[in-house]
Amino acid sequence: MTKPLALAIKWVLIVATMAGILWIATKLAQAGNTMAVVIAGLVGMGILAVYATRRAVPLKYLVPGLLFMTLFQLWPVLYTASLSTTNYGDGHLYSKEESVSDIIAQSVREVANTPRYKMSIATKEGGDPATADLVLLLTKPDGSMFVGDKAGLQPLPATGVEKTSIGKITKAPGYAVLNARQANARSKDLSAIAIPTTDGGGIKPVGLSEAFEGRATVTYDAKADKLTDASTQPPTVYAPKDARWVNVADPTVSFPQGWKEGVGFANYTRIFTDSTIRDGFLGIFIWNVVFAIVSVLSTFLLGMLIALLFNDPRLRGKAIYRSLLILPYALPGFVTALVWKGMFNQDYGIINQTLGLGIDWLGTPFGAKAAILITNLWLGFPYMFIVCTGALQSIPQDVREAATIDGANAFRTLRSIIMPLLLVAVGPLLLASFAFNFNNFGLIYLLTKGGPFNGADTSIGSSDLLITYAFRLAFSGSAPNYGFAAAVSVIIFLLVALMSIPGFRRTKALEEVN
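So for the sequence shown, UniProt numbering puts the first residue at 1; every next one is plus one.
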């Protein structure tokens, strides 16, 4: 490649990168995330300073790795840690001001004798119909057109707009109109829409084709920091308590819309002070450690023994046997887990039928744990077999011959010669396997979903790992608590780190074998 061509390619890549960062910064600015815009700008300036000059040659190689490490490793850890100090969860997703606006908007009731709008449901052009923010394209009886979203009502220019004979908008520049099926799929989001108007009222959808103009029955007194619902007699007053708007007369009644706020280390102290959570957490942690250790040791021992067998030059047909043994590793893990789940079925599973057993593998705590360990052994030993095969082939033959000449038997050779040399190669991989199995969410979720559960407490399962417990806290139940789940995730991170440190030190010591 000639120097001018290489230089041209370099500047094309730099300009493309700068354009991408500018696009990202624009989107962040539209979302109101000022800090992220500043960070994007600093990253762009740094890339330009490193790659647009002939200086800082080492940084030219380090910058991509540092950026990806920050984006995919450091940032998720820091964000999870910051989230763990909040009450973020169902009913506590937004700021206090946004909760007030949402409550007032949801209290809108139709004003008598006011005309209704013809309505079309749409998203911004290019947005995903299933997830993008919805907007309403509205037509008044007098023919004037508007577009409404959570920010308010704006006039819709007539240029390029197409309507039906009754005034329903079917096409508008910059917007993608949803069809009936797409709109029905967003019915929950549609019911939550209330377009604020300048006179303190709001516009709410009625079905999929009409909207009405109404007035809010709830008002907010910023000075007293209270909400008043005039739809009841006498009016009901709500005051802030525990990040929710609670009925002053009856504290058991509150609006579902709370707000996100910092709670310090309350999520962490809850783990260790709430007796139910503490006892369950301790039990899960013990099983978590046992599962990770047994999984690593069992898969390693089985894989190593098979590799030792296949390393014998007297064995014939190695290629065929190796291909068959690698099959469990080649198949998708989720498919294998589901197949084993069927095999462990108490009534129809092939395991009970073949062995003449009646074990309820997935319905008892011990049976579920045994089923998980057996399935993970099947999934994990091919990997260890491949690794150990490569490591054994790298051990010089003259070392083994020297041990034989010195009178060492096969077991002594394995223990004193082969194993130390083997662990030099596979030691770090065993640590990585331990960390993976400590957070082996997929196997547990597909095989047992953490169960079986105690009938009195469905939040903690007998075969739960800490990661599946955190998932259930964050995404299951009537009131998911993302902040508390984030605290559990941080503790998992710290536990894995603390347990890995001695292993890394031991691995470093093994390197002295060479």
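We put the CB at the ideal spot given by N, CA and C, even for glycine. Note that the coordinates shown come from a computational prediction; the quantities given were computed from them, not determined experimentally.
Item to complete: Evaluate the contact criterion for the segment 357–366 versus the segment 438–445: three or more CB pairs, one atom per stretch, below 8 angstroms.
Response: As far as the Cβ criterion goes, the segment 357–366 does not touch the segment 438–445, which means the pair count is below three.
Worksheet item: Residues in its own chain within less than 7 angstroms of D90 by CB, not counting five upstream and five downstream?
Response: Counting only Cβ-Cβ distances below 7 angstroms, and skipping sequence neighbours, we find A479, P480.
Worksheet item: So who's on the other strand from T86, going by DSSP bridges?
Response: According to DSSP, T86 shares a beta bridge with G262.
Discussion item. Between which residues of its own chain and M69 is the CB-CB distance below 8 angstroms, once the five residues before and five after are set aside?
Written reply: For M69, where only same-chain residues beyond five positions count, there are no Cβ hits under 8 angstroms.
Item to complete: Under 8 angstroms by Cβ, that's how I've got G333 and L379 pegged, so tell me the actual separation to the nearest angstrom.
Response: The C-beta distance from G333 to L379 rounds to 6 angstroms, short enough to meet the 8 angstroms contact threshold.
Discussion item. Going by C-alpha to C-alpha distance, which of Y51, Y469, S84 sits closest to F285?
Written reply: Nearest option by C-alpha distance: Y469.
Discussion item. Give me, in chain order, the residues of the same chain whose beta-carbon lies closer than 8 angstroms to that of V177; leave out the 5 immediate sequence neighbours on both sides.
Written reply: Within the same chain, V177 has close Cβ partners S120, I121, A122, L137, I169, T170, K171.
Fill in: Candidates R322, T85, G317: closest to V263 by CA position
Checked all of R322, T85, G317; the closest Cα to V263 is T85.
Worksheet entry | I395 (DSSP reduced to helix, strand or coil) | In this structure, I395 counts as coil in the three-state DSSP scheme.
Item to complete: Return the Cβ separation of L466 and V488 in integer angstroms, given the expectation that the two are a contact with Cβ distance under 8 angstroms.
Response: V488 and L466 do touch by the CB rule: their CB atoms are close to 6 angstroms apart, below 8 angstroms.
Discussion item. Looking only at its chain, what residues have a beta carbon closer than 7 angstroms to the beta carbon of residue 515, apart from the 5 residues adjacent to it on each side?
Written reply: The structure shown does not extend to residue 515, since the chain is modelled only from 1 to 514, so the question has no answer here.
Practice prompt. Tell me the start and end of each unbroken alpha helix (DSSP H) in the segment 349–400 that is at least 4 residues and wholly inside, in chain order.
Written response: Segments of the alpha helix (DSSP H) lying fully in the segment 349–400: 350–355, 365–393.
Practice prompt. Mind listing, in chain order, the continuous beta strand (DSSP E) runs of no fewer than 3 residues lying wholly within the segment 185–269?
Written response: DSSP assignment within the segment 185–269 yields the following whole beta strand (DSSP E) runs of 3 residues or more, N-terminal first: 201–206, 210–216, 218–221, 226–229, 236–241, 244–247.
Fill in: Burial state of N184, where buried means 16 or more other Cβ atoms lie within 10 Å
Per the 10 Å Cβ criterion, exposed.
Fill in: Spatial distance of D199 from M35 (CA atoms)
Distance from the CA atom of D199 to the CA atom of M35, rounded to whole angstroms, is 34 angstroms.
Worksheet item: What are the boundary residues of the alpha helix (DSSP H) that includes Y94?
Response: Under the DSSP assignment, Y94 falls outside any alpha helix (DSSP H); it carries neither an H nor an E label.
Discussion item. Considering only the alpha carbon of each residue, which of N87, T17, L227 lies closest to L48?
Written reply: Taking each of N87, T17, L227 in turn and checking the Cα distance to L48, the smallest one comes out for T17.
Worksheet entry | Three-way DSSP call (helix, strand, coil) for N113 in this model | Coil at N113, not helix or strand.
Discussion item. I'd like to check one pair, L422 with A391: are the Cβ atoms closer than 7 angstroms?
Written reply: Yes.
Item to complete: Just tell me which of P234, C388, G202 has its CA closest to the CA of V111.
Response: Between V111 and the set P234, C388, G202, the nearest pair of CA atoms involves G202.
Discussion item. Could you give the first and the last residue of the continuous beta strand (DSSP E) run that contains K171?
Written reply: The continuous beta strand (DSSP E) containing K171 extends over residues 169–171.
Worksheet item: With which residues is Y482 paired in a DSSP beta bridge?
Response: The bridge partners DSSP lists for Y482 come to none.
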